[in-house]
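Residue numbers (the numbering used here): 553 to 875.
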């Protein structure tokens with residue numbers, strides 16, 4: 553990626569995302585490190601101002617780091633160097649299967665180990681005085697599991713739609729675990745889940761379940777058209793199993809973050825994660841504050857302006873009041 557990024561995405565200044573995508577391309581630097589099992593893990597950094605604190609953004613499943621270009625732009629003047637990590641198996645990081653569209657991970661803790669290595673190799677040498685984290689969905693569990701082992705590393709965390717409990721079409725979690733474990737034991741752990749498959753091309757905005765913003769939906773499609781290799785399909789049986797157990801583990805260990813300032817956003821129309829465990833998680837932590845948006849879909853950072861503008865202001869307030 554890197555220098556080739558701008559060349560590959562030359563555009564006329566006509567789309568609403570041009571300003572923040574141009575900033576992302578001109579001010580950011582792409583690099584890689586070797587994560588677990590020597591997989592190349594990509595990250596994008598914005599460090600020209602050499603701030604003394606940093607902000608790490610952890611995307612959700614399927615999301616490439618570039619999708620967070622607008623969030624980076626909105627937070628560029630908050631006084632933090634910014635990093636966006638591509639999780640293994642997605643974005644510009646190495647794929648884990650020959651079919652790169654499959655959502656797969658061998659063990660969920662591989663994500664966490666990659667994050668730990670990133671902090672050791674990339675962040676710690678910079679001697680930042682504070683480290684902050686913004687995470688979405690799957691990324692929240694990666695960040696929280698890391699923080700539960702290293703509770704003093706982050707000075708504060710912003711969590712959107714934490715994946716503490718997956719929505720499973722109203723099937724009991726225990727039932728899904730038993731069925732998916734059976735498929736895994738039958739050698740099908742790397743297969744798409746039932747009714748899952750490759751990415752759906754040209755899905756109309758009206759049928760999406762992640763955002764009410766057509767412009768931001770179209771920006772995500774623009775990324776996929778420019779970089780078809782970034783497209784992701786459904787999850788595999790093994791990924792779902794690992795995600796279920798990781799969410800449970802994170803929830804059980806919540807008291808380890810009793811001193812962590814946390815700002816949590818919740819969506820009223822979330823098709824992917826449940827709210828109940830999020831509520832309990834935040835209620836049990838003295839320094840956790842949750843904000844519920846009744847009309848929001850799962851990807852609140854990509855929502856329509858009337859929701860998203862308020863979210864950005866809440867994030868800025870959070871950073872300002874937790875130095």
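All C-beta atoms in this analysis are idealised placements derived from N, C-alpha and C, irrespective of residue type, glycine included. Note that the coordinates shown come from a computational prediction; the quantities given were computed from them, not determined experimentally.
* Alpha carbon to alpha carbon, how far is residue 789 from residue 781? -> Residue 789 and residue 781 have their C-alpha atoms roughly 22 Å apart.
* Would you give the residue range spanned by the beta strand (DSSP E) that residue 717 belongs to? => No beta strand (DSSP E) holds residue 717; DSSP gives it neither H nor E.
* **Beta-bridge partners of residue 646, as assigned by DSSP** => None, per the DSSP bridge assignment.
* To do: Report, in whole angstroms, the separation of the C-beta atoms of residue 653 and residue 783, which I expect to be a contact under 8 Å.
  => 6 Å
* Whole alpha helix (DSSP H) runs in the region 698-747 with 4 or more residues, listed along the chain? -> 725-735
* To do: For residue 567, collect the residues of the same chain with a Cβ closer than 6 Å to its Cβ; drop the 5 residues on either side in sequence, then sort them by chain order.
  => none
* Compare the Cα-Cα distances from residue 879 to each of 726, 751, 593 and report the closest residue. => In the structure displayed, the chain extends from 553 to 875; residue 879 sits before or after that span and is not available.
* Anyone know if the C-beta pair for residue 698 and residue 737 falls short of 7 Å? -> No, the Cβ-Cβ distance between residue 698 and residue 737 is not below 7 Å.
* Can you name the start and end residues of the alpha helix (DSSP H) that residue 830 belongs to? -> 828-835
* Ignoring anything shorter than 3 residues or poking outside the region 601-680, list the beta strand (DSSP E) runs there in chain order. => 605-610, 633-637
* Asked: Under 7 Å between the Cβ atoms of residue 634 and residue 585?
  -> no
* Using only alpha-carbon positions, find the residue among 776, 791, 844 that is nearest to residue 729. => 791
* Where residue 816 sits in the DSSP three-state scheme -> In the displayed model, residue 816 falls within a strand according to three-state DSSP.
* Other residues of its chain near residue 748: CB distance less than 6 Å, five sequence neighbours each side excluded -> 786
* Asked: So, is residue 563 buried or exposed, given that buried needs 16 or more other C-beta atoms within 10 angstroms?
  -> Residue confidence for residue 563 is low, a pLDDT of 47 falling below 50, so the modelled location carries little weight and cannot support an answer.
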